[in-house]
Structure formats: C-alpha cells, structure tokens
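Presented below is the structure to which this report refers.
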C-alpha cells in the first residue's frame, strides 16, 4: 500500500492562503458552492470560507472574519467519488494528501455533497471578500 502524507502546505498557492488566514485551513463549515468536472480530466472546487475568531457577537455567535472564496484547481483527475452531489455542501473537514504522484482531496460534510477526488496536480487560488457582504456575492 502506498503511504499518503498531508500535502496542503506543498500545494502551489497554499502558502499565500495560509499567510492570509494565519493558519492551515481545514475548511470547517465552509460552503462548497461549486464542483466543476470536465471530460478533459480537469476540474475545480470552489469554497466560501472564513476565519472563526474567539470573539462572540451580541447574539452569542462566534464572529467570523477573513472571508474568502477559495478555488482548488485539479489537473488530470484520476478518480471521483461523490455522495449527495445535487446539494451544496457544508464541509465538516477537508484533507489534502498525496502519494508519490497524486493528490487526494477528501471531505466530509455536515450537509450536502461530500466525497473524494484524486488528481495528478492541484493549485489553490483565493480572493478575499468584502466583510460586509456574503462571499457568494463576490463570486
């Protein structure tokens, strides 16, 4: 069996996202708003994400900041396994691992789509959102 290792910090574009957020994201509670798969074996996952602070608002909810639209671009997709595909997902936890030659993006959800996609290449891009607007208004 080929050993998988955590690979987030090695992905092109990951360091800039880590620097901006201040930590390696697990994308907990991020909205997986778009899954794009193409017959030419490329694809994208788009997530509305944020940083949860330790501050509480007047209604007792954690204050969220650093709202961001994150795009994972997958090249040469080798395998796809998705459940609940027709429903936008709320990510429970996302993990990106690699073997010698491939990346594996795996996530579970508290609601909606969850699954695993394996690809030969992976890149991360992100666009910070205006704090007074929902991230989906920026896309």
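Numbering (our numbering), first residue to last: 1454 to 1592.
All C-beta atoms in this analysis are idealised placements derived from N, C-alpha and C, irrespective of residue type, glycine included.
Between the alpha carbons of residue 1470 and residue 1525 lies a gap of roughly 12 Å. When C-beta atoms of the stretch 1499-1516 are compared with those of the stretch 1549-1559, fewer than three pairs fall below 8 Å, so the two segments do not count as touching. In the structure shown, residue 1461 adopts helical secondary structure according to DSSP, grouped into three states. Counting the other Cβ atoms within 10 Å of the Cβ of residue 1538 gives fewer than 16, which makes it exposed.
Residue 1516 sits away from residue 1501, with the two beta carbons spaced by 8 Å or more.
Within the stretch 1515-1549, not a single complete alpha helix (DSSP H) segment reaches 4 residues in length. The straight-line gap separating the alpha-carbon atoms of residue 1576 and residue 1569 is approximately 16 Å.
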